[in-house]
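2 protein chains.
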Amino acid sequence: MTRALRADAARNRSLLLAAAAEEFAARGMEASVADIARRAGIGKGTVFRHFPTKDDLLAAVVLDRVDSLAALARQLYVRDDPGPALFEFLEAAAGKQQQLDFSFLRDAGDINDRLRDARERLFGAIVGLVSRAQGAGAIRADITGLDVILMMCVPAHVVSFVPDAPPDLWRRYLALVVDGLRPEGAHPLSPPAPGTDSVR
Amino acid sequence: MTRALRADAARNRSLLLAAAAEEFAARGMEASVADIARRAGIGKGTVFRHFPTKDDLLAAVVLDRVDSLAALARQLYVRDDPGPALFEFLEAAAGKQQQLDFSFLRDAGDINDRLRDARERLFGAIVGLVSRAQGAGAIRADITGLDVILMMCVPAHVVSFVPDAPPDLWRRYLALVVDGLRPEGAHPLSPPAPGTDSVR
DNA sequence: GCGTAACCGGACCGGCCGGTCAACTTGTTA
DNA sequence: TAACAAGTTGACCGGCCGGTCCGGTTACGC
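Protein chains in written order, with this note's numbering: chain A, 1 to 200; chain B, 1001 to 1200.
Here's what the structure looks like:
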C-alpha cells in the first residue's frame, strides 16, 4: 500500500477523474489532456503526476464504469427471474454508455492489467446472466454471451449519430436490439459466433 | 467543365482514391495524408493538388460508396417483392461498410455539398424501400426509415470490436438486427423515432 | 523536337499534443 | 511553528500532422 494521499491531492484527483469522464464522454479519445486539466481546474503537470499516461487516465475512468457494471451483473445473477434480470442489466449497461461508450475498452490501447481483469470479470458475469436467461427461454438459444456483449454497445453508438437526441433515445434502440435477441421471431444465424476470448 | 486531366494525373488520382479508401477503412480518420500518399506511391503535395483538404479527399471516397448504394436502392425499389428487396439492400449496405464504415458520413466534418445531396438521395431511396417493405408486412410498422438507416450501420461497428474476425462475421449481426426489425417478435418501442432530418 | 503549361514531390511551416522538469507552494507532523 | 516531504504548476521539448510552395519534371499541342 502506498502512503495516504494528501488532502488537496485527493480532492484534485477526484476533480480530475470527473473532468476526464466528462471530457472523454464528449469528445472521445480526441479530448486533450490540457482540456481535461483546464476543466478540472488544475495544471497539466498535475494530471501526469496522478496518471503517468493519458491512457492510464482513461483506464482509470473506464475501470470505474466496468467495475460498477460488473457489480450490478453479479447482483442480478442471483435473482430468480433470469429473463428480466438480463433485460434490466442491458438497460443499465446501455444507459451508462450514454456517458462513456464502451469503445473505450478498445481504444484504451495496450490495456492496463487491472482493467483487463475487470473486463474479464464483467464479461464472465454477463455470460452467466445470458446463459441463465437462455435456460429460462427469455433469450434465443443460438447466441452467445459475447454476442450480447457486442449488441449491448449498439444503442450508444446509434444515438451518437443523431445530434440533439432526447436523453432517453437509446431506449428505443435497445428495445430494437432486444427484440432481435428474443426467441420469438428468431431466424437462423449464419456465421458462428466468434470465440469467447476474441474481443478487443 | 474543366480541362481534361493529363494521363499521369488521372492515373495518380485513381491510385490516390484507392489508397485513401484502404487507409481510411483501416485506420479511420486517424489515417494521415502522408501515409495515404505513400501507399498510393505519390508525393504528399500531389494529394493536396487533387483535393484541397483531407476532408475533401474523404468526401470523395465516401461519395463513391454512397452513390453506388443509392443506385442499388433505386434499382431494388422497383422490384415486386419489397421485403426481400429491402433485405437484399441491407445485406449490400452492411457488406460495403466492412470496407468503409458509415461513421465517415459523420466524421467528414462540415460536409461537402455534393456529398450532402448524395446522402439525401440515398436516405430518400432507403425510406422508400422501408415503407414498401412495411406495406408488404415484411418489416414492423412502428419503425421509420431513419431507424433502419441507423441500424444498418450496426454490423460494421460490432465487427470492428473483434480482431481477426472472419470476413463474413457481419452477416451474423445483420441477421440479429434484421430479426429485431421483423414484425413477428415485436414489442412496443418506447421513445418515438427522431425526426427524419436529424442525422449527422 | 520544342516550348510550355500542367504536374510532381519533398522540404518546410505553424499549430497541437503528450509528456518532462525545475522552481515554487502547501499540507502535515513533531 | 518550523522544517520537510508531498504536491502543484506552466514553460518547455520533440514529434506528428495538415497544408504550402517552389524548383524540377513530364505529357501534350504544334
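For glycine and all other residues, C-beta sits at the position ideal for the given N, C-alpha and C.
Alpha-carbon spacing of residue i relative to residue j, whole angstroms
| i | j | result |
| --- | --- | --- |
| LEU100/A | VAL62/A | 8 Å |
| ASP67/A | MET151/A | 19 Å |
| PRO1084/B | PHE1051/B | 39 Å |
| PRO1183/B | GLY1137/B | 7 Å |
| MET1001/B | ALA1071/B | With a pLDDT of only 49 at MET1001/B, under 50, the local geometry of the prediction cannot be trusted, and the value read off the model is given with reservation. Each residue's Cα considered, the two are about 24 Å apart. |
| ILE1126/B | LEU5/A | 58 Å |
| PRO192/A | LEU105/A | 24 Å |
| LYS96/A | LEU69/A | 9 Å |
| LEU1076/B | GLY1135/B | 15 Å |
| GLY1043/B | SER1103/B | 28 Å |
| GLU23/A | VAL154/A | 21 Å |
| SER190/A | SER1198/B | 33 Å |
| ASP132/A | ILE143/A | It should be pointed out that residue 132/A corresponds to Arg in this sequence rather than to Asp. Approximately 13 Å between the Cα atoms of the pair. |
| PRO1166/B | GLY195/A | 11 Å |
| VAL1033/B | GLY45/A | 32 Å |
| PRO1082/B | HIS187/A | 19 Å |
| ALA1059/B | TRP170/A | 29 Å |
| VAL177/A | VAL148/A | 9 Å |
| ALA37/A | ALA19/A | 8 Å |
| PHE87/A | VAL130/A | 10 Å |
| LEU1017/B | VAL1047/B | 10 Å |
| ASN1112/B | SER1014/B | 20 Å |
| GLY185/A | GLY1185/B | 5 Å |
| PHE161/A | LEU1115/B | 17 Å |
| ALA1073/B | ASP1164/B | 31 Å |
| GLY28/A | ASP1080/B | 45 Å |
| ALA1010/B | ALA93/A | 50 Å |
| LEU1174/B | GLU1091/B | 7 Å |
| ALA141/A | ASN1012/B | 52 Å |
| LYS54/A | ALA1025/B | 26 Å |
| VAL1158/B | ASP117/A | 22 Å |
| ASP56/A | ARG1049/B | 40 Å |
| GLY180/A | ALA7/A | 50 Å |
| ARG1172/B | ALA1031/B | 28 Å |
| ILE139/A | PHE89/A | 14 Å |
| PHE1123/B | LEU1146/B | 8 Å |
Coarse secondary structure for residue i, derived from DSSP in three states
| i | result |
| --- | --- |
| ILE126/A | helix |
| ARG79/A | coil |
| SER1103/B | helix |
| ALA1062/B | Note that residue 1062/B is Val in the sequence shown, not Ala. Helix, per DSSP. |
| PHE87/A | helix |
| ASP67/A | helix |
| GLN97/A | helix |
| ASP1197/B | coil |
| MET1001/B | Any reading at MET1001/B needs caution, since the residue's pLDDT is 49, under 50, leaving its predicted position unreliable; the model's value is listed next. Residue state, collapsed to three classes: coil. |
Under 9 Å by beta carbon: chain B residues contacting residue i
| i | result |
| --- | --- |
| GLY185/A | ASP1179, GLY1180, ARG1182, PRO1183, GLU1184, GLY1185, ALA1186 |
Chain-ordered chain A contacts of residue i [CB-CB under 7 Å]
| i | result |
| --- | --- |
| MET1152/B | Here the premise fails: no neighbours, minimum Cβ distance about 10 Å. |
| ARG1116/B | Result: empty, since nearest Cβ-Cβ is about 15 Å, beyond 7 Å. |
Under 7 Å by beta carbon: chain B residues contacting residue i
| i | result |
| --- | --- |
| ASP81/A | The contacting residues do not exist; ASP81/A stays about 17 Å from chain B at best. |
| ARG106/A | PHE1161 |
Contact list for residue i against chain B, beta-carbon separation under 8 Å
| i | result |
| --- | --- |
| SER206/A | In the structure as shown, chain A starts at 1 and stops at 200, and residue 206/A therefore has no counterpart that could be examined. |
| ASP164/A | SER1198 |
Amino acids of chain A, ordered along the chain, whose beta-carbon sits closer than 8 Å to that of residue i
| i | result |
| --- | --- |
| ALA1193/B | ARG172 |
| VAL1158/B | LEU150, MET151, CYS153, VAL154 |
Could you name each continuous alpha helix (DSSP H) segment of 4 residues or more that falls completely within the segment 3-49 of chain A, going from the start of the chain to the end? Entirely contained in the segment 3-49 of chain A, the alpha helix (DSSP H) runs reaching 4 residues are, in chain order, 7-27, 33-40.
Whole alpha helix (DSSP H) runs in the segment 115-194 of chain A with 4 or more residues, listed along the chain? Entirely contained in the segment 115-194 of chain A, the alpha helix (DSSP H) runs reaching 4 residues are, in chain order, 145-151, 154-159, 169-181.
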